[in-house]
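Numbering follows the working numbering, with no gaps: position 104 of the sequence shown is 105.
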Amino acid sequence: MSIVPAEAVSGRAGTAAETAQPADGGPAPLAPRARLLPSLAAVYRAQLSRARVARIPLLFVATFQSVGIMVLMRGVVDGGDEARAVVAGSSVLVVAFVALNLLAQYFGQLRASGGLDHYATLPVPPAAVVLGAAGAYASFTVPGTAVTAVTGSVLFDLPLTHLWVLVAVIPLSGAALAGLGAACGLLAPRQELATLLGQLGMSAALLLGVLPADRLPGPVAYARDLLPSTYGVEALARTFDAHPDWAAVGLDLTVCAAVGVVSLAVATRAYRRAAVR
2 MSIVPAEAVS GRAGTAAETA QPADGGPAPL APRARLLPSL AAVYRAQLSR ARVARIPLLF
62 VATFQSVGIM VLMRGVVDGG DEARAVVAGS SVLVVAFVAL NLLAQYFGQL RASGGLDHYA
122 TLPVPPAAVV LGAAGAYASF TVPGTAVTAV TGSVLFDLPL THLWVLVAVI PLSGAALAGL
182 GAACGLLAPR QELATLLGQL GMSAALLLGV LPADRLPGPV AYARDLLPST YGVEALARTF
242 DAHPDWAAVG LDLTVCAAVG VVSLAVATRA YRRAAVR
């Protein structure tokens, strides 16, 4: 066993302490705050891993619900604009089920259980937490939405040519609905109210999105225009035409994108407010 002189130990310790202390004797500077994109990627991976266990039941429930609605509507809808509305609305309903309903429940539970305190201690921007969770939940909707759109197109004899537009419809509709769901969960004073708001939002997406617009009463049709998922439904429904109006499709997707930016900004502000309480 070697013996180290006390002077040498104290000398090294003193040197390390002097190195750690700033020259002016003030407090040591804090580490730089994490940037948005790396923080977003880390939160997204963590949320995706955490929810992976529930992925199969989640996809089954969301997809089975939408396919079941199309099968029921097949008995009363023959084709034309009504068939396009049913298929497009049922496909976007998968996104609404996860991004709006389940995300509202998740953030409501997180706030009620004090889980926001954990995220508040992390050196990540609030936007990374909201966007990461929203992106992880919205990612689960991709297979179910694609299966629902293909199944509905075959069921109602609609063309499959332009279903590639789902590449834009899913993320843009998901962003708009996920921001709305996160805001409901973070702003609701109680967990039960957050769950109720998520359920009401999904019910609105079901009734106002799946039913053809010309079958709705006047006041209800105005409410349909206020629902973010409506523009994703309209964009997808237009692509079932033989010659789609791509300018109108682009306009609908632009509205989805704008609503998504606003709703995610509101959710981020709600997160800041909830995390500091």
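All residues carry an ideal CB built from backbone N, CA and C; glycine is no exception.
Contact between the segment 95–103 and the segment 63–80 is established, with three or more Cβ pairs separated by less than 8 Å. In the structure shown, H119 adopts helical secondary structure according to DSSP, grouped into three states.
Going by C-alpha positions, V250 is about 13 Å away from V168. As the crow flies, the alpha-carbon of V155 is around 12 Å from that of A147. Here A121 has A276 as same chain residues with Cβ atoms under 7 Å from its own Cβ, once five neighbours each way along the sequence are excluded.
In the three-state reduction of the DSSP assignment, R225 falls in the helix class. Taking the Cα positions, T162 is about 31 Å away from L49. DSSP, read as helix, strand or coil, puts P220 in helix.
Take the alpha-carbon of L198 and the one of G186: they are about 8 Å apart. Counting only the Cα atoms, A177 lies some 24 Å from G153. Around the beta carbon of R216, a 10 Å sphere encloses fewer than 16 other beta carbons of the protein chains shown; the residue is thus reported as exposed.
With a 10 Å radius around the Cβ and a threshold of 16 neighbouring Cβ atoms, G210 comes out buried.
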